[in-house]
Amino acid sequence: MSHLVSQGSGALEYLRCPVGSRFHESSTAEEREAVSEALLDTNDLDFKRVLSPMLAYIHCQEALVLLLRNTTRFREGITPEVKQAFSALLRDLKALPEYKKSEKILQRHEPWIEKVRDQIAGPSPGVSGAKRVVTCSEVAEMVELGEKMKATGNASFQENNFKMAVVRYAQVQQLLKGACAVKTEDQSQLETLRKVATRNLSIAALKNWEWTRAAKACDEVLELDPSDSVVRLRRVEALMQLGRFDAAEIDIEAILKQQDKISKQAGEFGTKSETTTVVRKAWRLAKCLKKEKMRSDREMGNAVAKGMARGAFRDQRGVKEREISPSSQSESSSEDEKSESKEADCESSACVAAPAAKPAAKPRRLDLAMVRAVQAAQVDLWGAAEVISELNKMRIDADFEQQRFLYRLRPLKLHVQRPILEAHGFETTEAGLAQLERAIAAHMVDAPEVGEEMKGLMRRIMGDIWEEGE
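By numbering that gives the first Met the number 0, the letter at position 162 of the sequence shown is numbered 161, and the numbering carries on one by one without gaps.
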């Protein structure tokens with residue numbers, strides 16, 4: 000058997016020996032890895048599909064090594080006769096009894112086998128994160144193109160063109176997405192380029208006020224390297240802008256603990272200057288975070304107080320809470336007595352009675368034709384150049400955050416739509432504006448196009464801040 004696996008023997012001779020027989024291994028790990036690279040470079044999918052089920056069998060691996068040894072070009076060695084021999088080997092392996100297949104000497108699992116099979120199968124369509132095995136030549140091309148994109152992004156960043164920098168770094172990410180190299184050093188090159196591009200994307204997105212994208216990029220970098228304090232600081236800034244104060248506080252604590260350990264280790268060698276910048280920035284962000292939390296709590300408290308004053312939560316109270324307690328009954332009775340005495344004094348002094356209060360006005364209603372006319376007028380009013388300029392300024396002031404923008408939009412809505420309110424008999428107040436919106440919304444069930452028009456108008460008003468629900 001050993002003479003068949005010697006250096007001078009051919010793959011066809013080896014394939015003709017019984018598959019169940021024992022034999023000595025002759026190939027090295029380097030030779031088998033070279034076989035995997037040659038297979039990945041081969042465009043003959045039918046041949047690779049035949050090999051895929053039996054790549055783990057030693058008989059198949061040794062035959063491929065012999066084929067590679069005795070041919071100057073692997074592709075030329077795959078003749079019709081070789082294909083038939085491998086197909087016959089596959090049939091013989093399928094016909095083997097189970098106890099023969101389970102023998103350790105029959106199989107040898109190599110790390111490159113799954114990569115070859117992944118390339119043969121190809122990435123699953125529509126599946127995110129699917130593997131894409133690339134050859135050595137493809138790795139070199141991808142790295143070269145990725146470095147050019149990264150250099151362009153760096154140049155845009157230096158010119159303060161952060162939007163273009165974000166685009167370039169994202170292109171590098173897309174180029175390397177799912178790429179998996181056969182060799183370890185090639186895979187290391189891909190991972191290094193991917194990490195650098197994602198790291199640069201985090202700061203570029205932060206400078207471009209894309210808080211969500213910046214936080215996501217930081218998450219990807221920290222997944223690979225949790226000790227990267229600089230990226231963690233960037234994530235703190237993004238989380239603060241997104242209003243996720245608790246998560247930002249956790250990151251700051253982790254940074255300070257980590258830097259404390261580093262400074263202690265560095266102190267043994269007398270060099271503490273490396274951690275000074277990170278620690279200072281972390282403490283500065285901690286102070287800003289404390290102020291932001293206090294401001295947010297204060298605004299929330301003011302909003303709740305205003306809502307209580309307007310009776311916004313009156314309908315949410317239970318029946319038991321609405322019942323009058325004995326103490327309140329006594330207070331109300333004393334107030335009644337006071338009011339009766341005041342009325343008696345008023346009658347005795349011949350006071351003139353105040354006019355009776357007018358009954359509450361019925362909600363204003365609009366027919367479908369009027370609603371369409373109102374919506375057409377809204378499109379014209381919101382499309383004015385000065386209004387569009389004001390909306391752009393408001394988006395920047397709101398840091399492109401939806402809630403902040405909507406809060407700033409309220410007075411502008413009343414100002415812009417005042418002519419509509421006056422033309423259709425509504426009050427020129429926020430209550431009148433709300434009544435107008437309810438009158439329009441009343442037709443959304445019978446006329447769905449009304450709802451689509453309202454949605455389109457809101458999309459034009461909000462611009463880039465608009466978020467479409469799933």
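Backbone N, C-alpha and C define an ideal beta-carbon position, used for all residues, glycine too.
Fair warning: this is a prediction, and the values are worked out from it, not measured in the lab.
Sub-8 angstroms separation of residue i and residue j beta-carbons
| i | j | result |
| --- | --- | --- |
| L284 | I251 | yes |
| R90 | Q60 | no |
| A196 | V171 | yes |
| C179 | K114 | yes |
| I77 | D43 | yes |
| L88 | H58 | yes |
| V373 | I439 | yes |
| S226 | Q258 | no |
| R407 | D396 | yes |
| R116 | L67 | no |
| F73 | T41 | yes |
| E209 | V165 | yes |
Backbone secondary structure at residue i - three-state DSSP
| i | result |
| --- | --- |
| Q106 | strand |
| V142 | helix |
| A397 | coil |
| A507 | Since the first residue shown for the chain is 0 and the last is 469, residue 507 is missing from the structure and cannot be characterised. |
| V444 | coil |
| A55 | coil |
Rounded separation between residue i and residue j - CA only
| i | j | result |
| --- | --- | --- |
| R231 | K162 | 22 angstroms |
| K292 | K182 | 50 angstroms |
| K412 | V235 | 34 angstroms |
| V449 | H442 | 7 angstroms |
| E451 | Q157 | 43 angstroms |
| L50 | F85 | 7 angstroms |
| E426 | L432 | 7 angstroms |
| W282 | K194 | 27 angstroms |
| T70 | E184 | 26 angstroms |
| R437 | G382 | 22 angstroms |
| D366 | Q434 | 14 angstroms |
| R459 | R279 | 43 angstroms |
| E389 | N207 | 20 angstroms |
| G455 | E219 | 35 angstroms |
| M393 | E36 | 57 angstroms |
| A446 | M457 | 18 angstroms |
| M299 | I254 | 29 angstroms |
| P237 | F404 | First, the residue type needs correcting, since residue 237 is Ala and not Pro in the sequence shown. When rounded, the distance between both Cα atoms is 18 angstroms. |
| H414 | G242 | 29 angstroms |
| R107 | V132 | 21 angstroms |
| E248 | A216 | 19 angstroms |
| V142 | K290 | 45 angstroms |
| A246 | A213 | 15 angstroms |
| S201 | Q173 | 15 angstroms |
| R297 | Q240 | 17 angstroms |
| E400 | V303 | 21 angstroms |
| K93 | R48 | 15 angstroms |
| H423 | N391 | 29 angstroms |
| K305 | G177 | 52 angstroms |
| S295 | M461 | 23 angstroms |
| M307 | M369 | 35 angstroms |
| R309 | E429 | 13 angstroms |
| L65 | V277 | 58 angstroms |
| E146 | A33 | 27 angstroms |
| R364 | C287 | 49 angstroms |
Any non-hydrogen atom of the ligand COA closer than 7 angstroms to residue i Cβ
| i | result |
| --- | --- |
| L408 | Of ligands this structure carries none, so the ligand COA is not represented either. |
Worksheet item: Unbroken alpha helix (DSSP H) runs of length 4 or more, entirely within the region 192 to 258: which are they?
Response: Entirely contained in the region 192 to 258, the alpha helix (DSSP H) runs reaching 4 residues are, in chain order, 210 to 223, 228 to 240.
Worksheet item: Does the count of Cβ pairs from the region 138 to 146 and the region 182 to 194 closer than 8 angstroms reach three?
Response: By the C-beta criterion, the region 138 to 146 is judged to be in contact with the region 182 to 194, since at least 3 inter-stretch pairs fall below 8 angstroms.
Worksheet item: When the Cβ atoms of the region 105 to 112 are set against those of the region 143 to 153, are three or more pairs found closer than 8 angstroms?
Response: Judged by Cβ distances under 8 angstroms, the region 105 to 112 makes no contact with the region 143 to 153, as fewer than three pairs qualify.
Fill in: the region 413 to 433 touching the region 369 to 389, judged by at least three CB pairs closer than 8 angstroms
Yes, since at least three Cβ pairs between the region 413 to 433 and the region 369 to 389 fall closer than 8 angstroms, the two stretches touch.
Worksheet item: Considering only residues of the region 59 to 96, which uninterrupted alpha helix (DSSP H) runs meet the minimum length of 4 residues and lie entirely inside it, listed in chain order?
Response: The DSSP assignment places 73 to 76, 79 to 94 as complete runs of the alpha helix (DSSP H) inside the region 59 to 96, in order along the chain (cut-off: 4 residues).
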